[in-house]
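A.B. asks: In the working numbering, the protein residues as written are 32 to 333. All C-beta atoms, glycine included, are put in the ideal place defined by N, C-alpha and C. Okay, handing you the structure first.
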């Protein structure tokens, strides 16, 4: 139900913007409102009011929510770039610049700091990104076999580091610990393999430092699909958790996709796996990758 005109005008612009940021951060992290409420020890109703722009919460409640969303309080409030004069000067230089300019600046900064920039020649490490159910594992194994490269399922490497399953890492040690294992697994994969197809966890893009590393040292492909296909494929794998006791599962999935799409789109190449059958999708992926990387590295010609 839409707010009445009186309620619309009574909502403070700052609270409306704050609610939008909370929703966006929650979607990026792949958390439902219920899960966020539990993690922050804030009632789901209170959180709903905050997200709708009518919750004038205390600073301590905001701190609890920021901790649950694994972001700084400054990011939640929306003014992280006021922390120093240099931040302010840099922000002013970049303000109103388009995505192309910002990307070039990011690459230049990476080269300046020695954390990776744009390769003169595209990397022969192929990283597949996207939400679970996009086809990363299936297509990744097919592509690795075709190229003669190693196939790396990053989730399995994370489990090797931790000595337990991904679900156990998250339940026993929390999401922050999981992200640390994720970073270590990626760093090791980059050190070990000069040629590989890497299937990444869907939420990797929500950790900027890890995603920067991936973008700097891999040729990236976003495998995307419709929300319906994502859900159908996960359930077909035997995992009924997306629908378990959650009547809003599909809407949650759409929110996660919307929250991460801008990050997934940073990949060099985009392939929609819902637009054609598996075999045709693989041929499209195969041609895209073989055209992109050095042909001398390939096991077989086109």
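Just the C-alpha distance for residue 83 and residue 252, rounded to the nearest angstrom, thanks.
C.D. replies: Locating residue 83 in the chain shown gives position 52, where the first residue counts as 1. Locating residue 252 in the chain shown gives position 221, where the first residue counts as 1. Each residue's CA atom was taken as its position, placing residue 83 and residue 252 some 35 angstroms apart.
A.B. asks: Rounded to a whole number of angstroms, what is the C-alpha to C-alpha distance between residue 163 and residue 106?
C.D. replies: Here the question's residue 163 lines up with position 132 in the chain shown. Here the question's residue 106 lines up with position 75 in the chain shown. Their Cα atoms are separated by approximately 27 angstroms.
A.B. asks: What number of angstroms, rounded off, separates the C-alpha of residue 125 from the C-alpha of residue 266?
C.D. replies: The residue labelled residue 125 in the question sits at position 94 within the chain shown. The residue labelled residue 266 in the question sits at position 235 within the chain shown. Approximately 44 angstroms, taken between the alpha carbons.
A.B. asks: Classify residue 132: buried if its beta carbon has 16 or more other beta carbons within 10 angstroms, exposed otherwise.
C.D. replies: Along the chain shown, read from residue 1 onward, the residue named residue 132 stands at position 101. Under this definition residue 132 is an exposed residue.
A.B. asks: Is the distance from the Cβ of residue 235 to the Cβ of residue 213 below 8 angstroms?
C.D. replies: Start at 1 with the first residue of the chain shown, and residue 235 comes out as number 204. Start at 1 with the first residue of the chain shown, and residue 213 comes out as number 182. Contact: yes.
A.B. asks: If you follow the alpha helix (DSSP H) that residue 218 is part of, which residue opens it and which one closes it?
C.D. replies: Taking the first residue of the chain shown as position 1, residue 218 is located at position 187. 206-223 is the extent of the alpha helix (DSSP H) around residue 218.
A.B. asks: Would you decide whether residue 290 is buried or exposed? Buried here means 16 or more other CB atoms lie within 10 Å of its CB.
C.D. replies: Here residue 290 refers to the residue found at position 259 when the chain shown is read from its first residue. It is buried - the Cβ of residue 290 has at least 16 other Cβ atoms within 10 Å.
A.B. asks: Under 7 angstroms Cβ to Cβ from residue 232, same chain only, skipping five residues before and after it: list those, please.
C.D. replies: Looking up residue 232 in the chain shown gives position 201. Excluding positions up to five away in sequence, the list reads 185, 186 and 213.
A.B. asks: Taking the CB atoms as reference points, tell me whether residue 284 and residue 301 lie closer together than 8 angstroms.
C.D. replies: Locating residue 284 in the chain shown gives position 253, counting from the first residue. Locating residue 301 in the chain shown gives position 270, counting from the first residue. Against a cut-off of 8 angstroms, the Cβ pair of residue 301 and residue 284 comes out as no contact.
A.B. asks: If you reduce the DSSP assignment to three classes, tell me which class residue 228 lands in.
C.D. replies: On the chain shown, position 197 is the one that residue 228 refers to. Looking at residue 228 - three-state DSSP - the assignment turns out to be strand.
A.B. asks: Does residue 298 come out as helix, strand or coil in the three-state DSSP assignment?
C.D. replies: Looking up residue 298 in the chain shown gives position 267. It is coil, neither helix nor strand.
A.B. asks: How long is the line joining the alpha carbons of residue 223 and residue 156, rounded to whole angstroms?
C.D. replies: Counting from one through the chain shown, the residue named residue 223 turns up at place 192. Counting from one through the chain shown, the residue named residue 156 turns up at place 125. Their Cα atoms are separated by approximately 11 angstroms.
A.B. asks: Starting from residue 255 and walking both ways along the beta strand (DSSP E), at which residues does that stretch end?
C.D. replies: On the chain shown, residue 255 is found 224 positions in, with the first residue counted as 1. It spans 250-255 - the beta strand (DSSP E) in which residue 255 sits, taken as one unbroken run.
A.B. asks: Is the Cβ-Cβ distance between residue 104 and residue 112 less than 8 angstroms?
C.D. replies: For this step, residue 104 is matched to residue 73 along the chain shown. For this step, residue 112 is matched to residue 81 along the chain shown. Not in contact: residue 104 and residue 112 (Cβ atoms no closer than 8 angstroms).
A.B. asks: With C-beta atoms as the reference, is residue 68 less than 8 angstroms away from residue 74?
C.D. replies: For the purposes of this step, residue 68 is taken as residue 37 along the chain shown, with counting starting at 1. For the purposes of this step, residue 74 is taken as residue 43 along the chain shown, with counting starting at 1. Yes, these two residues count as a Cβ contact at 8 angstroms.
A.B. asks: So what does DSSP say about residue 157, is it helix, strand or coil?
C.D. replies: By one-based count along the chain shown, residue 157 stands at place 126. Correct three-state label for residue 157: strand.
A.B. asks: Whole angstroms are fine: how far does the CA of residue 227 sit from the CA of residue 56?
C.D. replies: For the purposes of this step, residue 56 is taken as the residue at position 25 of the chain shown. For the purposes of this step, residue 227 is taken as the residue at position 196 of the chain shown. Taking the straight line joining both Cα atoms gives about 31 angstroms.
A.B. asks: Would you report the Cα separation of residue 151 and residue 250, rounded to the nearest angstrom?
C.D. replies: The residue labelled residue 151 in the question sits at position 120 within the chain shown. The residue labelled residue 250 in the question sits at position 219 within the chain shown. Any answer about residue 151 is weak, because its pLDDT of 44 lies below 50 and its placement is not dependable; what the coordinates show is given next. Cα to Cα, residue 151 sits roughly 12 angstroms from residue 250.
A.B. asks: In whole angstroms, what separates the C-alpha of residue 53 from that of residue 175?
C.D. replies: For the purposes of this step, residue 53 is taken as residue 22 along the chain shown, with counting starting at 1. For the purposes of this step, residue 175 is taken as residue 144 along the chain shown, with counting starting at 1. Each residue's Cα considered, the two are about 39 angstroms apart.
A.B. asks: What is the DSSP secondary structure of residue 85, counted as helix, strand or coil?
C.D. replies: For the purposes of this step, residue 85 is taken as the residue at position 54 of the chain shown. If DSSP states are grouped into helix, strand and coil, residue 85 belongs with coil.
A.B. asks: Can you pull the DSSP bridge partners for residue 247?
C.D. replies: Numbered from 1 along the chain shown, position 216 holds the residue referred to as residue 247. Bridge partners of residue 247: none, in fact.
A.B. asks: Which partner residues does residue 303 have in the DSSP bridge list?
C.D. replies: Here residue 303 refers to the residue found at position 272 when the chain shown is read from its first residue. Answer is 255.
A.B. asks: Assuming contact is defined by CB atoms lying nearer than 8 angstroms, are residue 216 and residue 199 in contact in what I supplied?
C.D. replies: The residue you call residue 216 lines up with position 185 of the chain shown. The residue you call residue 199 lines up with position 168 of the chain shown. Contact: no.
A.B. asks: Which residues bound the beta strand (DSSP E) around residue 182?
C.D. replies: Your numbering for residue 182 matches position 151 in the chain shown. It spans 181-184 - the beta strand (DSSP E) in which residue 182 sits, taken as one unbroken run.
A.B. asks: Measure the C-alpha to C-alpha separation of residue 42 and residue 85 and round it to an integer number of angstroms.
C.D. replies: In the chain shown, counting from the first residue as 1, residue 42 sits at position 11. In the chain shown, counting from the first residue as 1, residue 85 sits at position 54. C-alpha separation (whole angstroms): 6 angstroms.
A.B. asks: Sorted by chain position, which residues of the same chain lie with C-beta nearer than 8 angstroms to residue 240's C-beta, five sequence neighbours on each side aside?
C.D. replies: Position 209 of the chain shown, counted from the first residue, corresponds to residue 240. Answer for residue 240: 214, listed in chain order.
A.B. asks: Let's see if you can read the secondary structure: which residues bound the alpha helix (DSSP H) around residue 334?
C.D. replies: Nothing can be reported for residue 334: it is not among the residues displayed for the chain, which extend from 32 to 333.
A.B. asks: How about residue 311: is its Cβ closer than 7 angstroms to a heavy atom in the ligand NAP?
C.D. replies: The ligand NAP is absent from the structure shown, which contains no ligands of any kind.
A.B. asks: Is it buried or exposed, residue 288, if we count other Cβ atoms within 10 angstroms and call 16 or more buried?
C.D. replies: In the chain shown, residue 288 corresponds to position 257, counting from 1. Buried is the call here.
A.B. asks: Hey, how far is the Cα of residue 243 from the Cα of residue 310?
C.D. replies: Position 212 of the chain shown, counting from 1, holds the residue named residue 243. Position 279 of the chain shown, counting from 1, holds the residue named residue 310. Computed Cα separation, rounded: 31 angstroms.
A.B. asks: With H, G and I counted as helix, E and B as strand and the rest as coil, what does DSSP make of residue 286?
C.D. replies: For the purposes of this step, residue 286 is identified with residue 255 of the chain shown, where counting begins at 1. In this structure, residue 286 counts as helix in the three-state DSSP scheme.
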